[in-house]
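Protein chains: 2
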Amino acid sequence: MSSSPERVTIKDVAARAGVSKGAVSLAFNHKPGVSEATRERIFAVARELGWAPSATARSLSSRRVDIVGLALCRPARLLGLEPFYMDFISGIESVLAERSCSLLLRLVRDLDEEIALYKEWWRGRMIAGAILVDFRQDDPRVPSLQGLGMPAVAVGHPSLTGPFPAVWTDDASAVTEAVRYLAALGHRRIARVGGPHDLGHSAIRARAFADTVQELGLEEARQIGTGFDEKEGARATRTLLLAADRPTAIVYDNDIMAVAGAGVAAEMGLTVPDDLSLLAWDDSQLCRITHPTLSAMSHDVHHFGAEVARVLFDVVAGTHTGGHQVPTPSLIPRGSTAPAPGAGPS
Amino acid sequence: MSSSPERVTIKDVAARAGVSKGAVSLAFNHKPGVSEATRERIFAVARELGWAPSATARSLSSRRVDIVGLALCRPARLLGLEPFYMDFISGIESVLAERSCSLLLRLVRDLDEEIALYKEWWRGRMIAGAILVDFRQDDPRVPSLQGLGMPAVAVGHPSLTGPFPAVWTDDASAVTEAVRYLAALGHRRIARVGGPHDLGHSAIRARAFADTVQELGLEEARQIGTGFDEKEGARATRTLLLAADRPTAIVYDNDIMAVAGAGVAAEMGLTVPDDLSLLAWDDSQLCRITHPTLSAMSHDVHHFGAEVARVLFDVVAGTHTGGHQVPTPSLIPRGSTAPAPGAGPS
DNA sequence: AGCCGGCAGTTAACCGGTAAAGCTCAGATT
DNA sequence: AATCTGAGCTTTACCGGTTAACTGCCGGCT
Numbered sequence: 350m351s352s353s354p355e356r357v358t359i360k361d362v363a364a365r366a367g368v369s370k371g372a373v374s375l376a377f378n379h380k381p382g383v384s385e386a387t388r389e390r391i392f393a394v395a396r397e398l399g400w401a402p403s404a405t406a407r408s409l410s411s412r413r414v415d416i417v418g419l420a421l422c423r424p425a426r427l428l429g430l431e432p433f434y435m436d437f438i439s440g441i442e443s444v445l446a447e448r449s450c451s452l453l454l455r456l457v458r459d460l461d462e463e464i465a466l467y468k469e470w471w472r473g474r475m476i477a478g479a480i481l482v483d484f485r486q487d488d489p490r491v492p493s494l495q496g497l498g499m500p501a502v503a504v505g506h507p508s509l510t511g512p513f514p515a516v517w518t519d520d521a522s523a524v525t526e527a528v529r530y531l532a533a534l535g536h537r538r539i540a541r542v543g544g545p546h547d548l549g550h551s552a553i554r555a556r557a558f559a560d561t562v563q564e565l566g567l568e569e570a571r572q573i574g575t576g577f578d579e580k581e582g583a584r585a586t587r588t589l590l591l592a593a594d595r596p597t598a599i600v601y602d603n604d605i606m607a608v609a610g611a612g613v614a615a616e617m618g619l620t621v622p623d624d625l626s627l628l629a630w631d632d633s634q635l636c637r638i639t640h641p642t643l644s645a646m647s648h649d650v651h652h653f654g655a656e657v658a659r660v661l662f663d664v665v666a667g668t669h670t671g672g673h674q675v676p677t678p679s680l681i682p683r684g685s686t687a688p689a690p691g692a693g694p695s
Numbered sequence: 350m351s352s353s354p355e356r357v358t359i360k361d362v363a364a365r366a367g368v369s370k371g372a373v374s375l376a377f378n379h380k381p382g383v384s385e386a387t388r389e390r391i392f393a394v395a396r397e398l399g400w401a402p403s404a405t406a407r408s409l410s411s412r413r414v415d416i417v418g419l420a421l422c423r424p425a426r427l428l429g430l431e432p433f434y435m436d437f438i439s440g441i442e443s444v445l446a447e448r449s450c451s452l453l454l455r456l457v458r459d460l461d462e463e464i465a466l467y468k469e470w471w472r473g474r475m476i477a478g479a480i481l482v483d484f485r486q487d488d489p490r491v492p493s494l495q496g497l498g499m500p501a502v503a504v505g506h507p508s509l510t511g512p513f514p515a516v517w518t519d520d521a522s523a524v525t526e527a528v529r530y531l532a533a534l535g536h537r538r539i540a541r542v543g544g545p546h547d548l549g550h551s552a553i554r555a556r557a558f559a560d561t562v563q564e565l566g567l568e569e570a571r572q573i574g575t576g577f578d579e580k581e582g583a584r585a586t587r588t589l590l591l592a593a594d595r596p597t598a599i600v601y602d603n604d605i606m607a608v609a610g611a612g613v614a615a616e617m618g619l620t621v622p623d624d625l626s627l628l629a630w631d632d633s634q635l636c637r638i639t640h641p642t643l644s645a646m647s648h649d650v651h652h653f654g655a656e657v658a659r660v661l662f663d664v665v666a667g668t669h670t671g672g673h674q675v676p677t678p679s680l681i682p683r684g685s686t687a688p689a690p691g692a693g694p695s
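Structure below.
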């Protein structure tokens with residue numbers, strides 16, 4: 350009710366409890382040095398006055414903060430569209446919330462801005478640690494941030510993340526499994542619609558894809574790198590399907606592009622899965638509600654995010670024991686994959 | 350490269366530039382009191398040393414912060430599933446990023462925790478302002494937070510948000526339009542699957558729905574309140590369709606439940622839209638990729654989020670000029686709505 | 001000459017905590 | 001009796017900025 354926002358500080362609590370600021374601080378941080386009786390009196394006064402320590406002030410003098418930072422270098426629009434992010438973030442949040450931590454989120458335009466932001470956040474004691482995502486090959490964040498001493502966990506394959514503890518899925522194995530599966534269905538021309546070339550996990554998948562295709566003696570594979578959104582997924586699919594020797598199966602790097610691809614197939618008069626098999630990645634709900642449903646390389650993105658947050662807490666606490674690999678995406682066959690046209694049942 | 354993280358502070362910059370801390374502060378805040386020459390020298394030194402003011406320290410002494418807070422009182426899982434949130438958040442971020450602001454995000458279990466959190470954030474100068482969502486009727490946040498003097502924008506109808514500047518969509522008109530549309534198609538038994546009863550906008554929609562049904566002389570309408578997720582949407586749909594006088598059209602409060610509802614209809618052997626019309630809300634991509642595509646009350650959630658952020662900046666700056674209504678959701682007819690079974694084309 | 005005004009800076013207090021060092025005094029030790 | 005100990009606080013110095021008040025100095029006006 351009081352419209353005058355006089356802030357109550359530790360000094361008020363101390364005065365009212367008849368002790369010094371220091372005693373209040375000790376009491377609230379559960380450190381020895383105050384008697385049980387005094388501690389309780391202090392807590393009672395604090396409750397009465399509605400006081401809780403100011404996180405800002407605390408982080409200035411001590412080093413404790415209850416915030417972790419996440420900068421995303423992607424266009425805002427895409428963020429809202431792709432199910433992956435929110436699921437990932439919700440996984441992070443589920444762990445943070447348990448420990449009364451918040452997530453500081455910011456969109457940046459490029460990696461330089463991202464580097465500057467993390468430096469600022471860390472220097473200013475804004476965050477206890479950071480989550481780094483979307484690693485490139487020779488990512489500039491590795492040299493720029495590694496000297497900082499900032500606790501961080503990197504989402505990506507250890508070959509990309511430098512000295513940062515990594516949490517990753519074994520994309521190479523998953524790609525291999527995907528290609529093997531399609532090959533077993535008789536497909537000999539398999540294409541792949543991936544993310545941007547410079548993105549580390551895209552490159553890893555591309556290499557694994559090419560290797561597996563060669564290993565199985567399939568026809569030379571076409572791979573297209575895109576920007577992850579539906580428009581680019583559709584465009585890439587169109588390109589692939591218009592080629593003289595169009596593929597009989599396409600693997601996508603996320604689910605949104607696969608859905609778009611299904612649309613393109615329909616628009617071009619191709620029946621999925623009879624004329625064309627499609628295999629999505631990430632496997633959000635999207636895959637289950639299309640018609641036909643989309644087969645996908647599925648992994649639990651929510652859990653992935655949670656694991657990332659858990660590792661970050663370990664790193665911050667200094668109890669980190671090494672990189673974590675979360676389960677490899679596994680194939681969920683649904684309605685969008687079938688034996689290749691003309692091929693007998695394998 | 351230096352593994353010793355000696356933080357460079359304003360003092361270092363001052364010393365190196367041969368001036369006092371105060372001068373550096375003045376220069377960096379573009380306040381009068383330093384000559385152009387000195388200002389430039391200070392900036393040069395700052396760049397050389399890689400210094401930028403610490404947001405934490407600044408927010409302690411002055412009142413400036415570049416963070417806005419958002420607490421969400423929903424289960425983490427749902428966050429990842431429902432497209433609405435991420436789209437909304439991405440809209441917010443798109444505006445924040447323009448102004449080098451970050452979003453402080455936290456999941457809470459209940460409104461008491463949310464209230465405590467906002468108090469803590471505000472008291473501790475953690476945030477410049479807050480975004481309040483999911484208003485209940487007689488929302489406890491109104492009395493608890495209004496005395497704080499914390500700049501905030503409320504996402505919800507002004508009848509719910511007390512003294513907080515509101516940004517909202519005209520749900521009542523949208524519901525009316527939806528019911529009128531279905532009635533015009535000949536539907537006389539229309540049901541609604543809404544959100545939780547205690548959620549303000551659910552109540553508003555429920556009332557508008559009942560009113561319009563009565564006004565048009567339709568049969569008494571069945572409405573079910575749920576928890577917004579797919580399981581509950583499916584369950585509610587099943588309940589409605591198993592009733593003796595099952596509806597010929599159902600309106601949903603979001604898209605996820607509508608999609609689930611379509612699944613249930615199929616499972617029960619009903620053809621959409623011939624036997625049953627479905628109308629979704631929010632209209633994310635989900636609605637466009639199902640089969641049949643879902644008609645929806647569509648609004649631009651991304652833009653909604655952006656508008657909320659813009660209003661918040663106005664409120665923080667003290668230049669706020671009144672609540673903002675963003676465009677009313679409008680009907681996008683797609684493949685899931687058709688004339689009622691037995692009814693001639695209207 | 002004396003005074004005023006304003007620019008360009010400096011000083012010092014303060015924001016709200018934490019943490020190390022210091023103080024006091026009761027009870028145990030020698 | 002003198003000294004040591006440790007529990008229980010208080011004092012004080014930060015953390016890294018901002019800001020109000022103050023100082024010095026130069027030029028212009030009366």
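Top to bottom, those sequences are chains A and B. Letter by letter, the first sequence follows residues 350 to 695 of my numbering. Letter by letter, the second sequence follows residues 350 to 695 of my numbering. Where is the CB? At the ideal position from N, CA and C, for every residue including glycine.
query: Please report the distance separating the alpha-carbon of S522(B) from that of A420(B).; result: 28 Å
query: Could you please give the first and the last residue of the uninterrupted alpha helix (DSSP H) stretch that includes L419(B)?; result: First-last for L419(B): I416 to L421, but that is the beta strand (DSSP E), not the alpha helix (DSSP H).
query: So, is Q634(A) buried or exposed, given that buried needs 16 or more other C-beta atoms within 10 angstroms?; result: buried
query: With distances taken from CA atoms, which of R490(A), G612(A), I476(A) and A533(A) is nearest V504(A)?; result: R490(A)
query: So is R490(A) in contact with chain B if we call contact Cβ pairs under 8 Å?; result: no
query: Alpha carbon to alpha carbon, how far is R529(A) from P690(A)?; result: 17 Å
query: Counting along the chain, where does the alpha helix (DSSP H) carrying G610(A) start and finish?; result: D604 to E616
query: Have a look at A570(A) and A532(A) and give me their C-alpha separation to the nearest angstrom.; result: 12 Å
query: For H373(A) and chain B, any beta-carbon pair shorter than 8 Å?; result: Looking at the sequence shown, residue 373(A) is not His but Val. Answer no: the Cβ-Cβ gap between V373(A) and chain B never drops below 8 Å.
query: Just reading off the beta strand (DSSP E) that N476(B) is part of, what are its end residues?; result: Going by the sequence as given, residue 476(B) is Ile instead of Asn. Careful: I476(B) lies outside any beta strand (DSSP E) and carries neither H nor E.
query: Using the Cα positions of L445(A) and V675(A), report the straight-line distance between them to the nearest angstrom.; result: 19 Å
query: When you compare the stretch 678–687 of chain B with the stretch 615–627 of chain B, are there three or more beta-carbon pairs, one atom per stretch, that lie closer than 8 Å?; result: yes
query: How about M350(A): is its C-beta nearer than 8 Å to some C-beta of chain B?; result: Only weak support exists for where M350(A) lies, its pLDDT of 41 falling under 50; the value from the coordinates is given anyway. Closer than 8 Å: yes.
query: Excluding the 5 residues preceding and the 5 following L619(A) in the sequence, name in chain order all residues of the same chain whose CB lies nearer than 6 Å to its CB.; result: L625
query: State the beta-bridge partners of L456(B) as determined by DSSP.; result: L421(B)
query: In three-state terms, what does DSSP make of D483(B)?; result: coil
query: To be precise: take each residue of the stretch 607–620 of chain A, compare its Cβ to all Cβ atoms of chain B, and keep it if any distance is under 7 Å. Which residues remain?; result: V608
query: Check G654(A) in the structure and name its three-state DSSP category.; result: helix
query: Using 10 angstroms around the beta-carbon of N297(A), count the other beta-carbons present and answer buried if the total reaches 16, otherwise exposed.; result: Lying before the first or after the last residue shown, residue 297(A) is absent from chain A, which here runs from 350 to 695.
query: Mind pulling the chain B residues with CB within less than 8 Å of H640(A)?; result: T639 and H640
query: Against D436(B), what residues of chain A qualify as contacts under a CB-to-CB distance less than 8 Å, listed in chain order?; result: G429 and L430
query: For Q572(B), count the other beta carbons within 10 Å of its own beta carbon; 16 or more makes it buried, fewer makes it exposed. Which is it?; result: buried
query: For the alpha helix (DSSP H) holding V528(A), just list the boundary residues, first then last.; result: D520 to A533
query: Which residues of the stretch 399–411 of chain B have a Cβ closer than 7 Å to any Cβ of chain A? Give them in chain order.; result: A401, S403, A404, T405, A406, S408 and L409
query: Please go through the same chain and pick out, in chain order, the residues whose beta-carbon is closer than 7 Å to the beta-carbon of E431(A), but skip the five residues on each side of it.; result: F577, N603 and I605
query: Residues of chain B with CB closer than 8 Å to the CB of G574(A), please, in chain order.; result: Near G574(A) there are no residues of chain B at all, since even the closest Cβ is about 22 Å away, more than 8 Å.
query: Rounding to the nearest angstrom, what Cα-Cα distance links A406(B) and A465(A) in this structure?; result: 18 Å
query: Using a C-beta cutoff of 8 Å, does H673(A) count as contacting chain B?; result: no
query: Using a Cβ-Cβ cutoff of less than 7 Å, which residues in the same chain neighbour S408(B) once the five nearest sequence positions on both sides are dropped?; result: V414 and R474
query: Name the residue from L428(B), P512(B) and G610(B) whose alpha carbon lies nearest to the alpha carbon of S443(A).; result: L428(B)
query: So L481(B) contacts chain A; which residues on that side make the cut at Cβ distance below 9 Å?; result: By Cβ distance, chain A contributes nothing, its closest Cβ being about 16 Å from L481(B), past 9 Å.
query: Between P678(A), L452(A) and G535(A), which lies nearest to D520(A) when the distance is taken from Cα to Cα?; result: P678(A)
query: Which of the residues in the stretch 452–478 of chain B, read from start to end, lie with their CB under 9 Å from any CB of chain A?; result: L452, L453, L454, R455, L456, V457, R458, A465, L466, K468, E469, W470, W471, R472, G473, R474 and M475
query: Using the C-alpha atoms, what's the distance from Q495(B) back to S353(A)?; result: Annotation note: pLDDT 45 at S353(A) (below 50); position unreliable, coordinate value reported separately. The straight-line gap from Cα to Cα measures roughly 11 Å.
query: Is the Cβ-Cβ distance between Y434(B) and M435(A) less than 8 Å?; result: yes
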